Amino acid sequence: MIYLALLIVIGYIFGCCQTGFFIGKLNQIDIRQYGSGNSGATNALRVLGKKAAFLTFLGDALKGVFTVLIARFLIAPHVDMDATVVMLIGGLASILGHNYPFHMKFKGGKGVSTTGGVLFAIDPRMALICICIMVVVTGVTKYVSLASVTMMIAIPFMLWAFCGSDPQIIGLGIVIGLLSIWRHRANIVRLIKGTESKIGQKVER
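Per my numbering, residue 848 is the first one in the sequence shown, and the count goes up by one each step.
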């Protein structure tokens, strides 16, 4: 169990590295004071533009990738558990660190990019499906939040299709999806009211 505990700590610490926050500081702003108030890629796009959004997405996704790779090659061989379960536990820890970083009063992002990195590292086919969902739903509706929620709903089904029907795997997939959906609750309310911001809308700084 010590290996699993170590993985959780490593994953959480990786997750706490807030790419969007650091990029905001390079631009002399606290990105959490603008737009939606979180430090993820979508808000970076609204506040700082495409380049900052891409770098934020890349940095946040890599946190999930690195954690899963550590889980797969360094932790799983020492733990009497299914390797996919171990990878998902590590991925969940990194997502929690991203969403609730201790050094930022637990105010982070919404976990979409980091979740995408986790899924990519487990099976790139899942990441490809996520990209398709994001592109199609965002392209049709112009709502990144709706695309993100749709992607989260699809996670347990993707895990079932590519990683098997182990209840632990599906359960962890549900938890990971619900974490981001919970972080999107304000967006969901705005979607219902028709007041949600569409992609491309800039925010005054």
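Using N, Cα and C, we set each Cβ at its ideal position, and we do this for glycine too. Note that the structure is predicted; figures quoted are calculated from it, not measured.
>> With distance defined between alpha-carbon atoms, name the residue in Y850, V984, M998, I1016 nearest to I922.
In response: Y850
>> If distances are taken between C-alpha atoms only, which option among N885, R1032, I917 comes closest to L853?
In response: I917
> Do the region 981-988 and the region 881-900 make contact, defined as three or more Cβ pairs closer than 8 Å?
Replying inline: no
> Just curious, the alpha helix (DSSP H) that D907 is in, first and last residue?
Replying inline: 897-917
> Considering C863, what are the terminal residues of the alpha helix (DSSP H) in which it resides?
Replying inline: 849-863
> Among K989, G937, M973, V932, which residue has its Cα nearest to the Cα of I1016?
Replying inline: V932
> What does a CB cutoff of less than 6 Å around L935 pick up in its chain, not counting 5 residues either side in sequence?
Replying inline: L1019
> How many Å lie between L966 and A974 at the Cα?
Replying inline: 6 Å
> Do you know offhand how far M999's Cα is from W1007's?
Replying inline: 14 Å
> What is the rounded straight-line gap between the Cα of T988 and the Cα of A994?
Replying inline: 9 Å
> Going straight from the alpha carbon of H925 to that of N885, what length do you get?
Replying inline: 37 Å
>> Rounded to the nearest angstrom, what separates T889 and T866 at their Cα positions?
In response: 12 Å
> If you draw a straight line from the alpha carbon of F869 to that of G906, how long is it in whole angstroms?
Replying inline: 10 Å
> When DSSP labels each residue in this structure, what does F1130 get in the three-state scheme?
Replying inline: With the chain covering 848 to 1052 only, the question about residue 1130 has no answer from this structure.
>> If I measure Cβ to Cβ from V1022 and keep anything under 8 Å in the same chain, skipping five residues before and after, which residues do I get?
In response: L939
>> Output needed for I1028: all residues of its chain with C-beta closer than 6 Å, excluding positions within five of it in sequence on either side, in chain order.
In response: V996, M999
> Where A968 and N874 are concerned, what is the direct C-alpha to C-alpha distance, given to the nearest angstrom?
Replying inline: 31 Å
> Given Y947, which residues of its chain have a CB within under 7 Å of its CB, disregarding the five upstream and five downstream residues?
Replying inline: F953, G955
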